[in-house]
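Asks: The C-terminal residue of the sequence shown carries number 205 in the working numbering, and the numbering is unbroken.
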Amino acid sequence: MVKKISIGVIGVQGAVSEHIASMKNALRETKANGEVFVIKHKDEINEIDAILFPGGESTTISKILYKSGFHDAISKRIKENTLPIMGTCAGCVILASDLKDTKKDVTLLSAINMQVQRNAFGRQRESFEKYIDIKGFTDPYNAVFIRAPVINKVWGNCKVLAKVNNRIIMVKQGNILALSFHPELTGDLRVHRYFIDML
Ligand code: GLN
Numbered sequence: 007m008v009k010k011i012s013i014g015v016i017g018v019q020g021a022v023s024e025h026i027a028s029m030k031n032a033l034r035e036t037k038a039n040g041e042v043f044v045i046k047h048k049d050e051i052n053e054i055d056a057i058l059f060p061g062g063e064s065t066t067i068s069k070i071l072y073k074s075g076f077h078d079a080i081s082k083r084i085k086e087n088t089l090p091i092m093g094t095c096a097g098c099v100i101l102a103s104d105l106k107d108t109k110k111d112v113t114l115l116s117a118i119n120m121q122v123q124r125n126a127f128g129r130q131r132e133s134f135e136k137y138i139d140i141k142g143f144t145d146p147y148n149a150v151f152i153r154a155p156v157i158n159k160v161w162g163n164c165k166v167l168a169k170v171n172n173r174i175i176m177v178k179q180g181n182i183l184a185l186s187f188h189p190e191l192t193g194d195l196r197v198h199r200y201f202i203d204m205l
């Protein structure tokens, strides 16, 4: 029997239940054998096959990750290159190696060779939806941006997968995927499926 894929979700803030539902549906669609659950204790980080960071407020999330010991446990697995990660919106911010302007507010995981700018499209009322082209996807994808960051620049082995208005909003580096929009809010499971295909 194929091993069960165990996907942990950081449950600090944001659309956690929507992400869990999307990931479970995506697993079902791909016929993958897997489970998806909120991580409660840092020791679980050593046992999971993949991790998902929902959106929220990157300052708050990173503080809680740091205090709970999650940050160090995740960092260790990133260094060993054994933990596939998908980070959306605030999750994308935390995966960065560098931030433009607001460096001291967020403890970064430095998982991807990218510099991120928080709230780059403006505040809440500047939130928007837009059909974007994602590398490898046949049809456009309706992306929801909520106080979204942009990826200002990338270097090394970080690959750009999508842009909006010529600004980078989705990248992949090895087994780590980061996007500045919310794929859990539309019912289109292609981004979650893309991540499952990376496992
Ligand atoms: N603006 C938030 C931040 O920078 C991200 C917003 C979101 O995750 N929807 O932390």
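Glycine included, each C-beta is placed from N, C-alpha and C at the ideal position.
Have a look at K169, D194, T192 and L195 and flag the residue whose alpha-carbon is nearest the alpha-carbon of L185.
Replies: The candidate whose alpha carbon is nearest that of L185 is K169.
Asks: Applying the 10 Å Cβ sphere with the 16-neighbour rule, what's the burial state of T94?
Replies: Per the 10 Å Cβ criterion, buried.
Asks: If we call anything under 8 Å between Cβ atoms a contact, is K35 one with L195?
Replies: Just to set this straight, residue 35 is Glu in the shown sequence, not Lys. Their beta carbons are under 8 Å apart, which means E35 touches L195 by this criterion.
Asks: By Cβ distance, which residues of its chain are closer than 6 Å to N31, with the 5 residues on each side in sequence left out?
Replies: The answer, listed in chain order, is L195.
Asks: Could you tell me if the beta carbon of L167 falls within a distance shorter than 7 Å of some heavy atom in ligand 2?
Replies: Ligand 2 is absent from the structure shown, which contains only ligand 1.
Asks: Distance check for N148 and L115, CA to CA, integer angstroms please.
Replies: Whole-angstrom Cα-Cα distance: 28 Å.
Asks: Report, in whole angstroms, the separation of the C-beta atoms of A126 and A154, which I expect to be a contact under 8 Å.
Replies: Going by Cβ atoms, the distance from A126 to A154 rounds to 7 Å, so yes, they are a contact pair.
Asks: Take V22 and list the residues in its own chain whose beta-carbon comes closer than 7 Å to its own, dropping the five residues that flank it on each side.
Replies: Result list for V22: V15, V44 and P60, in chain order.
Asks: Less than 8 Å between the beta carbons of E50 and L191, yes or no?
Replies: In this structure, L191 does not lie closer than 8 Å to E50 by Cβ.
Asks: Given a threshold of 16 other Cβ atoms within 10 Å of its Cβ, counted over all protein chains shown, does K82 qualify as buried or as exposed?
Replies: Answer is exposed; the Cβ neighbour count stays below 16.
Asks: Below 8 Å between beta carbons: does that hold for A56 and I11?
Replies: Yes, the Cβ-Cβ distance between A56 and I11 is below 8 Å.
Asks: Classify M41 as helix, strand or coil using the three-state DSSP reduction.
Replies: Note that residue 41 is Glu in the sequence shown here, rather than Met. In this structure, E41 counts as strand in the three-state DSSP scheme.
Asks: Below 7 Å, is the gap between the Cβ of I45 and the nearest heavy atom of ligand 1?
Replies: I45 Cβ: outside cutoff for every heavy atom of ligand 1.
Asks: Using 8 Å for Cβ pairs, my map puts L105 next to I91. What's the rounded Cβ distance?
Replies: That pair is no contact at about 18 Å.
Asks: Who are D104's beta bridge partners in DSSP?
Replies: DSSP output for D104 lists Q121 as bridge partner(s).
Asks: For S153, verify whether its CB is less than 7 Å away from any heavy atom of ligand 1.
Replies: The residue asked about is misnamed: residue 153 is Arg in this sequence, not Ser. Answer for R153: yes, Cβ within range of ligand 1.
Asks: Looking only at C-alpha atoms, which of T113, I140, V112 and E53 sits nearest to I175?
Replies: Comparing Cα-Cα distances from I175 to each of T113, I140, V112 and E53, the minimum goes to I140.
Asks: With respect to the alpha helix (DSSP H) encompassing N87, which residues constitute its N-terminal and C-terminal limits?
Replies: First-last for N87: undefined, no H or E at that position.
Asks: Using the C-alpha atoms, what's the distance from A117 back to I84?
Replies: About 7 Å.
Asks: Under three-state DSSP, which class holds G17?
Replies: The answer is coil: DSSP assigns G17 none of H, G, I, E or B.
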